[in-house]
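Residue numbers (the working numbering): 227 to 887.
Glycine residues also receive a C-beta, built at the ideal position from the N, C-alpha and C atoms.
Following: one structure in C-alpha cells, then a few remarks.
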C-alpha cells in the first residue's frame, strides 16, 4: 500500500471531498470591522498569552476561533448572517494578526537577547551591540525606558518592515504555485486541511433552523475548552494581574518529573505536558504517526539516556538537573548530532520520493492542462505572474541581507533563495499533501554558516540574526486547499493581505511597547517566558559562536561519527518497517519522535488511544474521523475565549496600577 493510500485510509475519504457549490467572495466590510477588532482588542491579548502560557501553538489558534465565533454571535443577534467564506477570511485575518503577535513581537525577544546572561556567558554581547538593526546596545536609553517608540529602534523597525513585505510576497506567490502543482496537478488529499474548513462549516450551519451535528460538536468542544481555560489560563492571568506573581493550578507548560526519576533513571528526560490541547491533537493526527513519535520519544529519553549515562557517553548531565538543563546537556553530548543523522534519512527519502513521482508520471500533457485551466470562478491568477513576484521578492531579500552582512558571500544568499527554498518548499508541500506534516531538512542554515567560517573567511555572529531568504513555503499549499474546500475565492486572500499588513504594523508596535512597559520581559509576571526564554537564548548564543574564530562549543558538540550512527539507525528502521509491512506513517513518527520530549508525546498519545479505542468504537470509525476535527476546533475556541476574557481584565488592572495618580 502506498503512503497516499495509507493516509486516505487513516484520515477517511469523506474528509477529502469538497463542497459542490460556487466559489464566493469572503472579504467585505465585515472583514474590515473584524480586522480592526483583531488589531486593537485581540492582538494585545494574544501577545500577553504567549508570554504567560506559551501560546505559540494551540493557544494562538484558539485566538482565531474566538474571533470567528464572537463575530458569528454578533451577526446572529443583529439579524444578519456570516457566510462560510466570510468566516474563513476572518479566520485568516486572525491568523495574521493574533497568531503571529505581529512582526514587532520579535523586538521583545531581541531586547532580551542582547541583555541576557546567556549572551554574556558566551561572550557575544559586544558583537550584538554593534548590530543596530537588531536592537539598541546595552545602556541605550531605549532599553532603560522599555519602549519601542524611540529613535534608537528605527534601524530594527525598518529592517522588519522591508523583510516582512518581501517575505509576504514570496510566501503567498510561491505558495500558490505549490498549491497548483500539488492539488490541481497531483490531486494530493491534504488530510489536515479540513480542520479549519469543518470549523467554519459548523459555525455557518449554526444559522440553520435545525441544529447540525457540526454545531453540536463544536459547542461541546468549546464548553470543554472553556472549563480547561479557566483552570489553565484564567486563574494564572487574573492572579498575575493582581500580584505580579501568577498562581498556577497546573504547572505551565509541564509537570517536571526529571529530578524525581533520576535515582532510577539517571539522565532521563521525563515530564507530562499540562496543555490539554495536546490530547485533542492526538484525536486528529493519524494514529500510527503518533504511536511512532511516542515510541521514539520514550526509547530515546527514558531508555537510551540512562544506558548511555552508565556507559560514560553522557558526561555533561549532573544529578539535580530539571528537564531544560538535562535536555541541553544530553543534546550537546549525543542527541544533537544523532538527530541530524536521522533527519538526513527523511531528507533523502523525501528527495527519492519526489524523483520517483516525476519519473513515474504517465500523463505530462494532462498535468500542463491542469495548470493552464484552473476551476472556473476560483479567483486564480496566472502562474507566470506569481513566479515573477516571487523572483522579485527573493532578489530583494538577497540584496537586503548583503547590505546588512556585507562580509558574508552574497552568492550563498542567492542559493538560499533561488535554489534551496523552492526545492525544499516543494518537497514539504508534497509531504503536507500526503501525510499532513512537512519535512524538515536538518540544520541546512547552520551548516552553511559554519562552513562559510571555515572555508570562506567569514567571522562574526551577525549572520545568525539576518533575515536570510531561506524559507519553506510548502505549508501554504494546505492553506490554499482550505480556501478551496470552503469555496472561498482566492481574490479574497489578496484583498485581505493588503488590508491587514499596515494594520498589523501599527498595532504590533503599539501593544508590544505597552506590554514591555508594564513589566520587564521576561519576569515572574510572564511565567512561560521566564522559564523557556533562557533555554532559547542558550541555544541561540550556542549556535552563534559557531561562526566565530577560535574554540566553539557547538563545533565540539557536532560529532560526525554520531551523525553517521543516527543516519544508519534511521535507514535500518526504514528497511525494517518495509520488510515487516509497518505503516509508513509509523516510520515517520519514529524519526520525528527522536527530538520530541515525553512531556508532549505522552498526552498526544493518550489522545490517540482514547480516540482510536474508545470514541471510534462508540461512534464508528468513519464518523469519528469527521467528528474529531470539529471537536478540536471547538476546544481551542473555548480555551481562547476564556483566556481572552482574563487578559482583558489583567491589562486593565496593570494599566491602572501604572498610573501616577
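Residue i, DSSP secondary structure in three states
| i | result |
| --- | --- |
| residue 283 | The predicted position of residue 283 is uncertain, since its pLDDT is 48 and thus under 50; no value can be drawn from it. |
| residue 481 | strand |
| residue 474 | coil |
| residue 567 | helix |
| residue 846 | coil |
| residue 498 | strand |
| residue 544 | coil |
| residue 714 | strand |
| residue 513 | helix |
| residue 330 | coil |
| residue 920 | Since the first and last residues shown for the chain are 227 and 887, residue 920 lies out of range. |
| residue 492 | coil |
| residue 307 | coil |
| residue 731 | helix |
| residue 822 | coil |
| residue 395 | helix |
| residue 572 | helix |
| residue 872 | helix |
| residue 247 | coil |
| residue 360 | coil |
Buried/exposed call for residue i, threshold 16 Cβ in 10 Å
| i | result |
| --- | --- |
| residue 514 | buried |
| residue 458 | buried |
| residue 645 | exposed |
| residue 545 | exposed |
| residue 312 | buried |
| residue 393 | buried |
| residue 610 | exposed |
| residue 389 | buried |
| residue 239 | The pLDDT assigned to residue 239 is 39, lower than 50, so where the model puts this residue is not dependable, and the model offers no usable value. |
| residue 268 | buried |
| residue 227 | Model confidence at residue 227 stands at a pLDDT of 40, short of 50, so the residue's coordinates are unreliable and nothing is read from them. |
| residue 810 | buried |
| residue 679 | buried |
| residue 788 | buried |
| residue 839 | exposed |
| residue 402 | buried |
| residue 887 | Low local confidence applies: a pLDDT of 42 at residue 887 is under 50, so the model's placement there is unreliable, with the coordinate-based value given in what follows. Classification of residue 887: exposed, given that the 10 Å Cβ count is below 16. |
| residue 384 | exposed |
| residue 657 | buried |
| residue 681 | exposed |
| residue 537 | exposed |
| residue 305 | exposed |
| residue 688 | buried |
| residue 806 | exposed |
Whole-angstrom C-beta distance between residue j and residue i, which should lie under 8 Å
| i | j | result |
| --- | --- | --- |
| residue 319 | residue 261 | 5 Å |
| residue 407 | residue 382 | The pair is not a contact, with the Cβ atoms about 37 Å apart (cut-off 8 Å). |
| residue 616 | residue 409 | 18 Å between Cβ atoms; not a contact. |
| residue 482 | residue 549 | 5 Å |
| residue 817 | residue 563 | Contact doesn't hold; Cβ gap of about 15 Å is too wide. |
| residue 404 | residue 702 | 6 Å |
| residue 755 | residue 277 | 5 Å |
| residue 875 | residue 464 | 6 Å |
| residue 857 | residue 447 | 4 Å |
Alpha helix (DSSP H) segment containing residue i, residue limits
| i | result |
| --- | --- |
| residue 795 | 786-806 |
| residue 317 | 310-320 |
| residue 441 | 439-455 |
| residue 525 | Where residue 525 is concerned, there is no enclosing alpha helix (DSSP H), given that its DSSP letter is neither H nor E. |
| residue 379 | Unbroken run through residue 379: none, as it is neither H nor E. |
| residue 344 | 343-347 |
| residue 762 | 753-770 |
| residue 555 | 549-556 |
| residue 351 | 351-355 |
| residue 367 | 367-371 |
| residue 536 | 531-536 |
| residue 810 | 810-819 |
| residue 682 | Element bounds for residue 682: n/a, residue is neither H nor E. |
The ligand COA heavy atom lying under 6 Å from the CB of residue i
| i | result |
| --- | --- |
| residue 360 | Among the components of this structure there are no ligands whatsoever, and the ligand COA is therefore not found. |
Residue ranges of each alpha helix (DSSP H) run of no fewer than 4 residues wholly in the segment 597-674, ordered along the chain?
Whole alpha helix (DSSP H) segments, 4+ residues: 609-630, 636-641, 647-661.
Let me know the alpha helix (DSSP H) ranges lying completely inside the segment 250-277, each 4 residues or longer, listed in chain order.
For the segment 250-277, whole alpha helix (DSSP H) runs of length 4 or above, ordered along the chain, are 255-263.
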